[in-house]
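Q:
Residue numbers (the working numbering): 12 to 198.
1) Considering only C-alpha positions, which residue in the set 79, 127 and 106 is nearest to residue 141?
2) Are the CB atoms of residue 147 and residue 11 within a distance shorter than 7 Å?
3) By Cβ distance below 7 Å, which residues in the same chain neighbour residue 138 in space, the five residues on each side in sequence not counted?
4) Relative to the C-alpha of residue 111, which residue among 69, 96 and 144 is closest?
5) Between the Cα of residue 131 and those of 115, 120, 121 and 175, spot the shortest distance and give me the residue it belongs to.
6) In chain order, which continuous runs of the alpha helix (DSSP H) of length 4 or greater are located wholly inside the region 51-101?
7) Reducing DSSP to helix, strand and coil, say where residue 124 ends up.
8) Taking its Cβ as the centre, do 16 or more other Cβ atoms sit within 10 Å of residue 80, making it buried, or is it exposed?
9) Sort 76, 172, 104 and 82 by Cα distance to residue 64 and report the nearest one.
10) Looking at residue 85 and residue 121, is the spacing between their C-beta atoms short of 7 Å?
11) Using the rule of at least 16 other Cβ atoms within 10 Å of the residue's Cβ for burial, across every protein chain shown, is residue 156 buried or exposed?
12) Within 10 Å of its beta-carbon, does residue 153 have 16 or more other beta-carbons around it, so buried, or fewer, so exposed?
13) According to DSSP, is residue 151 helix, strand or coil?
14) Considering only the alpha carbon of each residue, which of 171, 128, 100 and 59 lies closest to residue 89?
15) Ignore the nearest five residues each way along the sequence and tell me which others in residue 98's own chain have a CB closer than 6 Å to its CB.
16) Reducing DSSP to helix, strand and coil, say where residue 160 ends up.
17) Quick one: what does DSSP say residue 119 is sitting in, helix, strand or coil?
18) Under 6 Å Cβ to Cβ from residue 126, same chain only, skipping five residues before and after it: list those, please.
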C-alpha cells in the first residue's frame, strides 16, 4: 500500500496529511486485522484450544472473519466457547460468539441447533455486560436484523453511531440496514 503525495501543501495542510499517513500506518500495523494480530495468530495457530489465552481465542475469531470458511468458523467457535467458560463476564467474547452463531444460521456454517436464539442470548449478555461496547451493539444489530425487528435495528444503529462515528462504522451500519431492507423486500 504505497501512496504518493504529490501536491502543493500549505503549512497547515501538512499536519493534516501527516495525521492521515500516521492513521494509515497504525491501521496497517495494529488494527484488528493488522500485521501484529496476524503474526500473533500465526504463532498460536497450532496451539490446542484449551491452551489458548482469551486474546488468542479472539484472534481465531478474527482469522475466521478474514477467511469465512467452515473450518475456521468451527475453530473460532471452539476457542471462544472455551474462553467464555474461563471468563464469562467478558462482553467481547459474547459478542464474537453471537456473530458466529448468526453466521451459522445465515451462512450455513456447520450444524448448530438453535443458532439464532443462542446468538441472541450472547448478544444480549454482551450488551448487558458492556452497553458501550461497539462489537456488542453490532452483534445486537445482527440479532435485530435476523428477527426482522425494524425498531430494534434503528435503535441499535443509533447506539453504534453514538459509540463510534468513524466513517467505516457508519458505512457498515448503513450497508447492513440496506441489505436487510433488500432482503425483506424480496420476501
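Ideal Cβ placement from N, Cα and C applies to all residues, glycine included.
A: In brief:
1) Measuring C-alpha to C-alpha distances from residue 141 to each of 79, 127 and 106 identifies 106 as the nearest.
2) There is no way to answer for residue 11, as the model of the chain reaches only from 12 to 198.
3) So the list reads 147, 148 and 151, once near-sequence residues are dropped.
4) With distances taken between Cα atoms, residue 111 lies closest to 69.
5) When each option's Cα is compared against that of residue 131, the closest is 115.
6) 65-78 and 81-97, all fully within the region 51-101.
7) Coil at residue 124, not helix or strand.
8) Burial check for residue 80: the Cβ neighbour count within 10 Å stays below 16, so the residue is exposed.
9) Measuring from the Cα of residue 64, the nearest candidate turns out to be 104.
10) A contact, by the Cβ cut-off of 7 Å.
11) Residue environment: residue 156 is assigned as buried (16 or more neighbouring CB atoms within 10 Å of its CB, all protein chains considered).
12) When all chains shown are included, residue 153 counts as buried.
13) Three-state DSSP puts residue 151 in a helix.
14) Comparing Cα positions, the closest option is 59.
15) So the qualifying residues of the chain are 65.
16) Under the three-state reduction of DSSP output, residue 160 falls in the coil class, being neither helix nor strand.
17) Of the three classes helix, strand and coil, the one that applies to residue 119 here is coil, per DSSP.
18) So the list reads 112, 115 and 116, once near-sequence residues are dropped.
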